[in-house]
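Trainee:
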Amino acid sequence: VMMPHRNLNATFAGSMARPGNVAFISQSGAICTAVLDWSFNENVGFSAFISIGSMLDVGWGDLISYLGDDPNTKSIVIYMESIGNARAFLSAAKEVARDKPIIVIKAGRTEQAAHAAASHTGSLTGSDEVLDVAFRRAGVLRVDRIADIFYTAEVFAKQPRPKGRRMTIVTNAGGPGVLATDALIMGEGEMAEISPEIMAELNSFLPSAWSHNNPIDILGDADPQRYARALEIAAKDPNTDGLLVILTPQDMTDPTRTAEELKQYADLGGKPVLASWMGGASVRAGVEILNRANIPTFEYPDTAMRMFNYMWRYNYNLASIYETPALPTDSEDDTPNRALVDQIIQKARQTGRTILTEDESKQVLAAYGIPVVPQDIATTEDDAAKSADKFGYPVVVKIHSETITHKTDVGGVILNLQNAEEVKGAFRRIQAAVAEKAKPSDFLGVSVQPMVKMEGYELIVGSSIDPQFGPVLLFGSGGTLVEVFKDRALGLPPLTTTLARRMMEQTKIYEALKGIRGRPPVDQAALEKIMVRFSQIVTEQPWIKEMDINPLLVSHERLLALDARVVLHDASVTEDQLPRTAIRPYPTQYITDWVSNDKTTFSIRPIRPEDEPLMVKFHETLSEQTVYMRYFSQMQLQQRISHERLSRVCFIDYDREMILVGTRKSPQNGESEILGTMRISRLPGRNDAEFGMLISDSYQGHGLGKELLLRSLDYARTEKLSHIVGYILPENERMLAMCKEQGFTFEKMDSGYIRAVLTL
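Spelled out as structure tokens, the structure:
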């Protein structure tokens, strides 16, 4: 460990790193020594320099949490070989990444390198594709090159994050501008379209031969003033999110004077500006001027573009994580039939089965509100014909088996049957095919289903287990050729509607789902809801090892699961060996009902990301006095209800804190409303938590505050916390009385606040 700001050098290195604002953590001591030596040559400073090896005692989560609270650290750079405790890493990274960029280079992308990394660290490695998904979910930026981790740390430290992916290039040469454009587009960035107003301003002073497009080629004879004016005008364009200035040394170009002229534009009001001074000795002085002015400067323009693509993608990922999802309905139909699913799973386990039948699998989906095609199970050909008559023709007949999951492999699916005789014939053909390609005992009958006549797309929604991250979700193009097309995206449960949409956007089929060639778009909101419900099954049913819907038929009219497969964990797996989700799911065990002293029924439950609109309305009901009692200051309404703040309140990590809300149906319009909140935040490095409560002025004195306090104490005991602590103003007599009733002890602080403590 090396902490330059504290003059601590607990390493074998003879020299102390220069003080700076970048924390570097590595699993490789050799990488550490090389980076330390490089930093002296490049004049790079560090707030912390840590080698953690095999993480026998301290892990990524511990260090990220510590550095998140370190005032000297502005960004965290990581060389990683294995992730260790995935849940601890994701929890800490998601908490810190909003304020401090976390940049990771992960060794072991290829299979051979992964084996080498595993033998080096002694750790199990999972899928690299899943690791990418996990990094995005936590807001972590993954880079591919060692140089890039420090380039990105530099640009994040010196320039603001762009609001979008649109870039404007100012250059004195065409070729470098073209190369920069290629790098931008290949990284999924976009070239900004110059607005008419900006085009007119540029035309007013640039030579007539300028490019009249983006890149803005201001020609090889550009002097420092032309550069400066072009940059200043381009930065005003509302169509651009960032700027790159390229200079190539030409006879009429002065790299040093141009840098001096441009250094005043280091702050462009929220738009990052990067530079590429191409060349050697002739541009060195200009590069130093720009770097000292906090304009990151690169030798090659494609490197600069790679950094811009990292910047906007980092911001895009963060925005996706904290975008408010759709508010769920209050319909009772949305409540899963968990008892039925548990009954189906336990029945299969008791008979030694790990594979649910198609009928059982569809019952699991239907219990969570996922629409499935109706079906009957028939054990004789006559029963099959009767079921077909009931549904109406045409019908589909499939094998009913407790052992065969891939039905088409054994000839177990026959489509478009038009009458009873064809159904009976299909029954016999499937029975014979199973006897030939499998075992006669695998045939238990057939399922008869109506033939769905619907123009649409076949999708697959699935889940499997990753050795490091536990359950992983899949979405993509479905049908019998799913393994051929391999058009799919992965995600980690639990999902919100926003995260479901982000998964879909990564697939090729998504463009078709939005409507193409005269076909109307599918009901995207309904599809997102199915994804959310599917992820709910995965998080709530840990005995499920694998599950897929293939195909999920979707059109603009409806969505329907035509086939489903559920595989359970082996009987040898004990309950404590079941894989956990990498992100703690919504804790439904803390949902309770309560009736107030005025006979109003409340739901006391953990807060959800979807609650942000309700929290805005809740804060609008609070008086200045109530706000002061909670925050010890007059925090203005606009500050309290900003998305930046409320997203931190609603998108909590249930491993780190809990916010319980008291909700009821509004007497005026019947919609849900929040009337009280109780926050319990774990204190770093301790097994204690701090609490804070807010009750709407319109509902104070009805017992809601006391109930929230009681529920929070139940939560703290269940989570095995040692103490719960609160800070209360002396004049907040109601709060003090409630705490005294529950056995809190009190201590008056020098600040004038009262510290209330309960030993649990």
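Here the sequence shown is numbered in this note's numbering, starting from -17 and rising by one per residue.
Positions of the beta carbon are idealized from the N, C-alpha and C atoms, including for glycine.
1) If you draw a straight line from the alpha carbon of residue 105 to that of residue 663, how long is it in whole angstroms?
2) Alpha carbon to alpha carbon, what distance is there between residue 656 and residue 646?
3) Return yes when the Cβ of residue 145 is within less than 9 Å of the Cβ of residue 764, no when it is not.
4) Taking contact to mean 3 or more Cβ pairs, one atom from each stretch, closer than 8 Å, check whether the region 724 to 742 and the region 689 to 706 are in contact.
5) Going straight from the alpha carbon of residue 361 to that of residue 405, what length do you get?
6) DSSP puts residue 43 in a beta bridge; with which residues?
7) To the nearest whole angstrom, what separates the beta carbons of residue 12 and residue 72, a pair I think is in contact under 8 Å?
8) Please classify residue 150: does DSSP put it in a helix, a strand, or coil?
9) Suppose you measure from the CA of residue 40 to the CA of residue 627; what does that come to, to the nearest Å?
10) Find the nearest neighbour of residue 386 within the set -13, 649, 367, 338, judged by alpha-carbon distance.
11) Tell me, which residues are paired with residue 543 by DSSP?
12) Of all the options 154, 522, 303, which has the alpha carbon lying nearest to the alpha carbon of residue 235?
13) Taking its Cβ as the centre, do 16 or more other Cβ atoms sit within 10 Å of residue 388, making it buried, or is it exposed?
14) Have a look at 238, 403, 51 and flag the residue whose alpha-carbon is nearest the alpha-carbon of residue 269.
15) Where does the unbroken beta strand (DSSP E) through residue 448 begin, and where does it stop?
16) What residues are listed by DSSP as bridge partners for residue 279?
17) Would you identify the three-state DSSP class for residue 380, choosing helix, strand or coil?
18) Pop quiz: residue 65 and residue 84 are said to be a contact at Cβ under 8 Å. What is the actual Cβ separation, rounded to whole angstroms?
19) Tell me whether the region 269 to 288 and the region 135 to 150 touch, counting them as touching only if at least three CB pairs, one residue from each stretch, are closer than 8 Å.
20) Assign residue 525 to one of three DSSP states: helix, strand, or coil.
21) Out of curiosity, what's the CA-to-CA distance linking residue 610 and residue 578?
22) Over the uninterrupted beta strand (DSSP E) stretch that includes residue 396, give me the two end residues.
23) Between residue 586 and residue 671, what straight-line distance do the alpha-carbon atoms span, to the nearest angstrom?
24) Here's the rule: buried if 16 or more other CB atoms are within 10 angstroms of the residue's CB, otherwise exposed. What is residue 476?
25) Would you kindly check if the distance between the Cβ of residue 460 and the Cβ of residue 442 is under 9 Å?
26) For the alpha helix (DSSP H) holding residue 730, just list the boundary residues, first then last.
27) Is residue -9 helix, strand or coil by DSSP?
28) On the three-pair Cβ rule with 8 Å, is the region 327 to 345 touching the region 613 to 622?
29) Excluding the 5 residues preceding and the 5 following residue 807 in the sequence, name in chain order all residues of the same chain whose CB lies nearer than 8 Å to its CB.
30) Using C-beta distances below 6 Å, list every residue in its chain close to residue 643, excluding the 5 sequence neighbours before and after it, in chain order.
31) Which full runs of the beta strand (DSSP E) of 3+ residues lie inside the region 558 to 616, going along the chain?
32) Starting from residue 491, trace the alpha helix (DSSP H) both ways and give me its first and last residue.
33) Under a Cβ-count criterion, where at least 16 other Cβ atoms within 10 Å of its own Cβ denotes burial, should residue 607 be classed as buried or exposed?
34) What residues in its chain sit with their C-beta under 7 Å from that of residue 424, if we drop five residues either side in the sequence?
35) Would you call the CB atoms of residue 149 and residue 28 closer than 9 Å?
36) Three-state secondary structure (DSSP) at residue 5?
Mentor: Answer, in terms of the structure:
1) A caution first: residue 105 carries a pLDDT of 42, below 50, which makes its placement in the model too unreliable to give a value.
2) Going from the Cα of residue 646 to the Cα of residue 656 covers about 7 Å.
3) Beyond the ends of the chain as shown, which are -17 and 742, falls residue 764; an answer cannot be given.
4) When Cβ pairs closer than 8 Å are counted between the two stretches, the region 724 to 742 is seen to touch the region 689 to 706, the count reaching three or more.
5) Linking residue 361 to residue 405 through their CA atoms gives a straight-line distance of about 13 Å.
6) The partner list for residue 43 (beta bridge, DSSP) is empty, contrary to what the question assumes.
7) With a Cβ gap of about 27 Å, residue 12 and residue 72 do not count as contacting.
8) Note: residue 150 maps to strand in three-state DSSP.
9) Just so you know, the alpha carbons of residue 40 and residue 627 end up roughly 31 Å apart.
10) When only C-alpha atoms are compared, the closest one is 338.
11) The beta-bridge partner set that DSSP reports for residue 543 consists of 354, 534.
12) Taking residue 235 as reference, the option from 154, 522, 303 with the minimal CA-CA separation is 154.
13) By the 10 Å Cβ count, residue 388 comes out exposed.
14) For the residues 238, 403, 51, the minimum Cα distance to residue 269 belongs to 238.
15) Going by DSSP, residue 448 is part of the beta strand (DSSP E) stretching over 439 to 448.
16) Paired residues: 257.
17) Residue state, collapsed to three classes: strand.
18) Under the criterion of beta carbons closer than 8 Å, residue 65 and residue 84 do not qualify as touching, at roughly 13 Å.
19) With the rule of 3 Cβ pairs closer than 8 Å, the region 269 to 288 counts as touching the region 135 to 150.
20) Collapsing the DSSP output to three states places residue 525 in coil.
21) Each residue's alpha carbon lies about 25 Å from the other.
22) 395 to 399 is the span of the beta strand (DSSP E), which, as asked, contains residue 396.
23) When rounded, the distance between both Cα atoms is 20 Å.
24) Burial call: buried.
25) Cβ atoms of residue 442 and residue 460: closer than 9 Å.
26) Unbroken run through residue 730 is the beta strand (DSSP E), 727 to 730; no alpha helix (DSSP H).
27) Residue -9: strand per DSSP, three-state reduction.
28) Here the region 327 to 345 makes no contact with the region 613 to 622; the two share fewer than three CB pairs at distances below 8 Å.
29) Not covered by the structure: residue 807. The range shown for the chain is -17 to 742.
30) Correct list, in chain order: 589, 656, 659.
31) Whole beta strand (DSSP E) segments, 3+ residues: 574 to 577, 583 to 588.
32) Unbroken alpha helix (DSSP H) run through residue 491: 491 to 495.
33) Burial call: exposed.
34) 383, 385, 386, 416.
35) Residue 149 places its beta carbon 9 Å or farther from that of residue 28.
36) Strand at residue 5.
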